[in-house]
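Participant: Per the working numbering, the sequence shown runs over residues 16 to 388.
Ideal Cβ placement from N, Cα and C applies to all residues, glycine included.
Source: prediction; values computed, not measured.
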Amino acid sequence: MLDRFPSFGFDALRRGGLVCALAAVLAACGQEKQAEEKPLTPVVVEKAAFTTYSPAVTMTGEIEARVETDLSFRVSGRIVERFAETGQHVRAGDLLARLDPEEQKADLAAAEASLRLAEAQQAQSSAAFNRSTELLQKGLTTRGDHDSARAALISARNAVDSARSAADSAREALGYTELRADADGIVTDRSAEVGQVAQAAQMMFRLARDGARDAVFHVQESIFLHRDAFEADKIEVAVQLINLPEVTATGVIREISPTIDAATGTVRVKAGLSDASAELALGAAVTGRVMLRPVQVIRVPWTAIGSLDGKPAVWILDRETGSVSMQDVTVFAYEKETMLVTDGLAPGAEIVSEGAKFLRTGQKVRIVGEAES
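(1) LYS372: buried (16+ other C-beta within 10 angstroms of its C-beta) or exposed?
(2) Label TRP330 either buried or exposed according to how many other C-beta atoms from any shown protein chain fall within 10 Å of its C-beta, with 16 as the threshold for buried.
(3) Tell me whether the beta-carbon of ALA107 lies closer than 8 Å to the beta-carbon of ASP199.
(4) Identify whether ALA299 lies in helix, strand or coil by the three-state DSSP scheme.
(5) Out of GLU187, GLY154, GLU149, ALA133, point me to the one whose CA is closest to LEU168's CA.
(6) Give the list of continuous alpha helix (DSSP H) stretches no shorter than 4 residues that lie fully inside the segment 154-196.
(7) Could you check where the beta strand (DSSP E) with VAL82 kicks off and where it finishes?
(8) Skipping 5 residues on each side, what residues in its chain have a beta carbon closer than 6 Å to that of GLU83?
(9) Just mark THR192 as buried or exposed, buried being the case when its beta carbon has 16 or more other beta carbons within 10 Å.
(10) In this structure, how does DSSP classify PHE144 when only helix, strand and coil are distinguished?
(11) Specify the secondary structure class of ALA319 as computed by DSSP and reduced to three states.
(12) What residue does the beta strand (DSSP E) around LEU259 start on, and which one ends it?
(13) Relative to the C-alpha of GLN378, which residue among SER338, THR279, GLU365 is closest?
(14) Spatial neighbours of LYS326 within its chain, please: C-beta separation below 6 Å, excluding the five flanking residues on both sides.
(15) Quick check on DSSP: helix, strand or coil for ASP18?
(16) With ILE382 and ALA319 assumed to form a contact (beta carbons below 8 Å), what rounded beta-carbon distance in angstroms separates them?
(17) Between which residues of its own chain and ALA296 is the CB-CB distance below 7 Å, once the five residues before and five after are set aside?
(18) DSSP state of PHE25, grouped into three classes?
(19) May I ask which residues mark the beginning and end of the beta strand (DSSP E) holding GLU365?
(20) Give a yes or no on contact between the segment 52-72 and the segment 358-365, applying the rule of three or more CB pairs nearer than 8 Å.
(21) Buried or exposed: where does SER170 fall if 16 or more other Cβ atoms within 10 Å of its Cβ makes it buried?
(22) Can you list, in chain order, the residues of its chain whose CB lies under 8 Å from that of SER292, leaving out five sequence neighbours each side?
(23) Taking the beta carbon of PRO260 as the centre, do at least 16 other beta carbons fall within 10 Å, making it buried, or is it exposed?
(24) Assign PRO116 to one of two classes, buried (16 or more other C-beta atoms within 10 Å of its C-beta) or exposed (fewer than that).
(25) If you draw a straight line from the C-alpha of MET306 to the C-alpha of LYS249, how long is it?
(26) DSSP three-state label for ALA125, please.
(27) Let me know the secondary structure DSSP gives GLU385 once reduced to three states.
(28) Do THR336 and PHE232 count as a contact pair if the criterion is CB distance below 8 Å?
(29) Can you tell me whether DSSP reads SER340 as helix, strand or coil?
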C-alpha cells in the first residue's frame with residue numbers, strides 16, 4: 016500500500032525551504048541597495064563674501080519758512096476792516112486789519128486833557144515858587160512858605176510827567192488798533208473776520224517770512240537715535256521736489272525734535288536749505304535722502320533665509336561630510352530680493368541659496384552643477 020505514494024516529501028520540502036530563504040535574502044539585498052541608491056536632495060550653493068553697503072534713508076516732507084510768526088492785536092476790540100488774505104504776499108508795515116478805534120480815541124482825548132491840566136498846574140506852581148523866592152530874598156516871607164512852594168512845584172512837575180506818560184500810552188493804544196506786518200512774507204493762515212471781537216494776543220494772521228527755507232520731515236525716531244550711524248556730525252540731506260524731480264537742493268539737518276508726536280509716533284526733523292530755488296515754494300512736497308555710514312554686509316538671497324529658534328538663519332554646507340546645518344544670522348536690512356547680513360557668516364562659507372525648504376540638520380545634499388565624485 017505504501018508504494019502507491021511517491022517518496023519525495025521531505026526532500027521536496029527541504030528544497031522548497033532553501034529556495035524561499037534564498038529569495039528572501041535576495042529581496043533584502045535589493046531593498047538595501049535601493050535604499051542606498053536613494054537620490055540626494057539637490058541644492059544650489061553660493062559662497063559668502065563681504066561687500067560695502069552704503070545705506071540711505073528716504074523721507075517725505077514739505078517746505079516751510081525758517082521763521083514763522085503769529086501776528087495779533089495788542090489791545091482788544093471789534094474788527095472793522097481786514098486787508099489781507101491767506102496766500103497773500105505782504106511787505107513790512109502793510110496794514111492787515113483794523114479795530115474800531117473809538118474807545119482808544121476817547122482814552123487819548125482824556126489823557127491829553129489831563130496832560131494839559133497838569134501843565135497848567137505846573138505853570139502856576141512855577142510862578143508861585145518864583146514869587147516866593149523873590150519875597151524870601153527881601154525878607155517878606157518865611158523859609159517854611161518857600162519850602163512849601165518848592166514842594167508844590169516838584170509835585171506839579173511829577174504830575175506833568177505822569178500825565179505825559181499816560182497820554183503816550185493812550186496814543187500807542189490807538190496805534191495798536193491797527194495790525195501791521197512785521198516783515199516781508201506770505202500770509203499762511205488767518206482767523207481775523209470783520210465784526211469779530213478780537214482779544215489781545217489772539218492770533219489773527221500767521222506770517223511766513225521771506226528768506227531762509229526749511230525742508231521739514233516727520234520720521235521714525237529710531238532713524239536718528241544713534242548719531243554715529245551717520246558719516247559726519249554735519250548731516251546733509253539731498254532734497255528733491257516730488258512733482259518736478261529735476262528741482263533739487265541740498266540741506267543740512269539743523270533741528271531734531273526732542274519729543275515724539277503722540278499721534279504718529281514720529282519726530283520732526285528740520286533741514287535748512289542753502290540753495291532753495293523759487294520752485295521750492297512754501298508747502299511744496301519733497302523727498303529727502305540721507306546717506307548713512309557704509310557697513311560691511313553679505314548679500315543673501317531671500318530663498319536662503321529660514322528660521323532657527325525664532326531668529327533668521329541660513330543652511331551652511333559642510334564640504335567634508337556633504338551635509339548641511341543651520342546657522343543663525345543678523346540681518347541689517349531687507350531689500351527686494353536679498354537680505355543684508357552683518358553677523359553670523361564667515362567669508363567663504365557656502366550658503367544653500369536654493370532648495371533649502373526641504374532640508375534637515377545633518378542631511379546630505381547634492382550640489383547642482385558639480386560632477387559627482
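Facilitator: Taking the coordinates as given:
(1) Exposed, because fewer than 16 other Cβ atoms sit within 10 Å of the Cβ of LYS372.
(2) For TRP330, the number of other beta carbons within 10 angstroms of its own is at least 16, and it is reported as buried.
(3) In contact: ALA107 and ASP199 (Cβ atoms closer than 8 Å).
(4) The answer is coil: DSSP assigns ALA299 none of H, G, I, E or B.
(5) Looking at the Cα atoms, ALA133 is the closest of the given residues.
(6) The DSSP assignment places complete alpha helix (DSSP H) segments of no fewer than 4 residues inside the segment 154-196 at 158-190, in order along the chain.
(7) The continuous stretches of beta strand (DSSP E) do not include VAL82, and DSSP gives it neither H nor E.
(8) Cβ within range, chain order: ALA223.
(9) With 16 or more Cβ atoms within 10 Å of its Cβ, THR192 is classed as buried.
(10) Of the three classes helix, strand and coil, the one that applies to PHE144 here is helix, per DSSP.
(11) ALA319 carries a helical assignment under DSSP once its states are collapsed to helix, strand and coil.
(12) That residue, LEU259, is in no beta strand (DSSP E); it is neither H nor E in DSSP.
(13) That would be SER338, whose Cα lies nearest to the Cα of GLN378.
(14) Closer than 6 Å at the Cβ level, and outside the excluded window around LYS326, lie ASP343.
(15) With a pLDDT of only 46 at ASP18, under 50, the local geometry of the prediction cannot be trusted, and the value read off the model is given with reservation. Assignment of ASP18 by DSSP, reduced to helix, strand and coil, places it in the helix class.
(16) Not confirmed; about 14 Å, so no contact.
(17) ILE78.
(18) Caution is warranted here: a pLDDT of 46 is assigned to PHE25, below 50, making its placement in the model unreliable, and no coordinate value can be reported.
(19) GLU365 -> beta strand (DSSP E) spans 365-369.
(20) Of all C-beta pairs linking the segment 52-72 to the segment 358-365, three or more are shorter than 8 Å, placing the two stretches in contact.
(21) Under a 10 Å Cβ-count criterion, SER170 is classified as exposed, with fewer than 16 other Cβ atoms of the shown protein chains found around its own Cβ.
(22) Cβ neighbours of SER292 beyond the five flanking positions: VAL262, ALA264.
(23) Burial call: exposed.
(24) PRO116 comes out buried.
(25) Distance from the CA atom of MET306 to the CA atom of LYS249, rounded to whole angstroms, is 12 Å.
(26) Of the three classes helix, strand and coil, the one that applies to ALA125 here is helix, per DSSP.
(27) Coil at GLU385, not helix or strand.
(28) Not closer than 8 Å, so no.
(29) In this structure, SER340 counts as strand in the three-state DSSP scheme.
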